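Position one of the sequence shown corresponds to residue -6 (the working numbering), numbered consecutively onward. Ideal placement from N, C-alpha and C gives every residue a C-beta, glycine not left out. Predicted model, so just to flag it, every value in this text is computed and none were measured. The next block holds one structure in the form of structure tokens; read it before the comments.
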Amino acid sequence: MPPPTLQTAPSRPDRSSPPLVLVGASTRAAAWSAIRAGWRPLCADLFADGDLLKVATAIAVNEYPTGLIDAVSTLTIDLPNSNCPRIYTGAMENHPNVLDSLATGGPLFGNSSEVLNLVRDPHWVSRVCQMANLCCPEVRNGHDIPGADGQWMLRHPKSAGGSGVSEWNAMTGPTGRDVVFQQWIPGRAASAICLGNGSSASVLGITEQLVGEPWLHAPRWSWCGSIGPLALSTSLNDQVARLADVLASESGLVGLFGIDLVLDKESAWPIEINPRYTGSAEVIEMASGRSMIGRHLEAFGESPVAPMSDHTTGTVHGKAVLYAPRAMQASELPECGPEWRLADVPHPGQLIDEGRPVCTVLATSGSIEDCRNVLEQAAGHLYQELVSSE
């Protein structure tokens, strides 16, 4: 069997390709996906990373997220028709007012504020799961304080990617009115990438989640990568499929969405719903050969602009986000190794605060464990390069 191969970065699209606005904390992965589907991305995010600028027009926004509105106006001002589609990525579900403003300038191919308010409410998710006889962690309002026995998590309403999440114990401090207590479930962290049509949904793939990994210097509960596709038992696959379908039918979810899960031997427990393109979608795209942004656009009625292959590579793919162990200055980094490549490349000389993302490693291998090892070895190599350049 030939060794697994990494999906290559796309080339910069021709100016004749239809424009697509992408906004969010980081848009590089979504931009690569959009190019593979035949679109020309115009991006506004926090970083405007080097490898994003090679293939797309991008603006790094300082006043985030409100600055995205002006950035999009700048990106679209010279278009013959500024009424081009817009897609939002990570954490924008926490800023519905910004999304409403963006929607006034062109079609927003994403879920409405009403849908976001439903699926981001842990109480709503719990009620829906109970009605469908699906597992769900117990949730409590902030005033219904449980014992500090290590069996509860404290979630803030605008949590995303593990930020705003902490273990509830005697040292946590005041809770506040808007927080939610969520039962802690032991098991394997995972994520399902799903595609909704407003009344039902299908599961495109499931990944193992990397959370708070010390070898990535990630904060304790922060998402720091994904590996997949993850093979599950028939019972667990059926539970995840039912969960995706019920959530879509009850809320009207359209397009890509993610379900953060904890898996034990018998049950799939939903932890959080991410109603948009997620970081894990890139892993499923590498494994399937299908553009996830292309799939998302099709859900909103857009015809495929470019042919997209639909194949399963039979290999495992992964991504890992390196976090800064201390405040540091980015340096030139090696672009790839035999089984990995660099992505989300910072600009040389860029100052990166402690606990902030530095770059991403994309990898491929023959199994989940082997892929994890490739990611860990690559991360170690890159950290050495960063330290040696200081």
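- With respect to the C-alpha of Glu328, the residue from Gln343, Glu347, Val354 and Pro6 having the closest C-alpha is Val354.
- Boundaries of the beta strand (DSSP E) around Ser184: Arg181 to Asn190.
- The stretch 5 to 23 makes contact with the stretch 73 to 88; the number of CB pairs closer than 8 Å reaches 3 or more.
- Collapsing the DSSP output to three states places Trp262 in a strand.
- In the structure shown, the three-state DSSP call for Thr82 is coil.
- Bounds of the beta strand (DSSP E) holding Asp253 are Val247 to Leu256.
- Of Leu45, Ala241, Ala323 and Pro263, the smallest CA-CA separation from Asp346 is found for Ala323.
- Here Ser244 has Val108, Leu111 and Val112 as same chain residues with Cβ atoms under 6 Å from its own Cβ, once five neighbours each way along the sequence are excluded.
- In this structure, the beta-carbon distance from Trp216 to Cys129 does not fall below 8 Å.
- Within 10 angstroms of the beta-carbon of Ala37 lie 16 or more other beta-carbons, which makes it buried.
- When DSSP states are grouped into helix, strand and coil, Arg334 belongs to the strand group.
- No Cβ-Cβ contact shorter than 8 Å links Phe102 with Arg133.
- In the pairwise beta carbon analysis, the stretch 304 to 319 is classified as not touching the stretch 55 to 66: fewer than three pairs are separated by under 8 Å.
- When the Cα atoms are used, Leu315 and Met85 turn out to be separated by approximately 22 Å.
- Between Ala317 and Val351 a beta carbon distance of about 5 Å is seen, short of the 8 Å cut, so the two are scored as contacting.
- With a 10 Å radius around the Cβ and a threshold of 16 neighbouring Cβ atoms, Glu201 comes out buried.
- 8 Å or more divides the Cβ of Leu197 from the Cβ of Ile252.
- With a contact defined as Cβ atoms closer than 8 Å, Thr67 and Ile52 qualify at about 6 Å.
- Proximity to Gln123 across Arg235, Arg319, Pro3 and Thr1 peaks at Arg235, based on C-alpha coordinates.
- Nearest neighbour of Leu223 by Cα position, chosen from Leu188, Ala182, Leu246 and Gly248, turns out to be Ala182.
- Tyr316 is bridged by DSSP to Pro350.
- Here Ile199 is bridged, per DSSP, to Ala185.
- Counting the other Cβ atoms within 10 Å of the Cβ of His136 gives fewer than 16, which makes it exposed.
- Contact between His340 and Gly43 is confirmed by a C-beta separation of about 6 Å, below the 8 Å threshold.
- Where Asp231 is concerned, the enclosing alpha helix (DSSP H) starts and stops at Thr227 to Ser244.
- For Asp38, the enclosing beta strand (DSSP E) starts and ends at Arg33 to Asp38.
- Straight-line spacing of the CA atoms in Pro331 and Asn267 works out to 33 Å.
- DSSP places Glu369 within a helical segment (H, G or I) once states are collapsed to three.
- Of Thr97, Ala41, Asn104 and Ser9, the smallest CA-CA separation from Leu72 is found for Ser9.
- Every beta strand (DSSP E) stretch that sits fully inside the stretch -4 to 69 and reaches 3 residues is listed by chain position as 12 to 16, 33 to 38 and 50 to 53.
- Within the same chain, Cβ atoms closer than 7 Å to the Cβ of Ile62 are found at Val91, Ser94 and Leu95, the five residues on either side in sequence being excluded.
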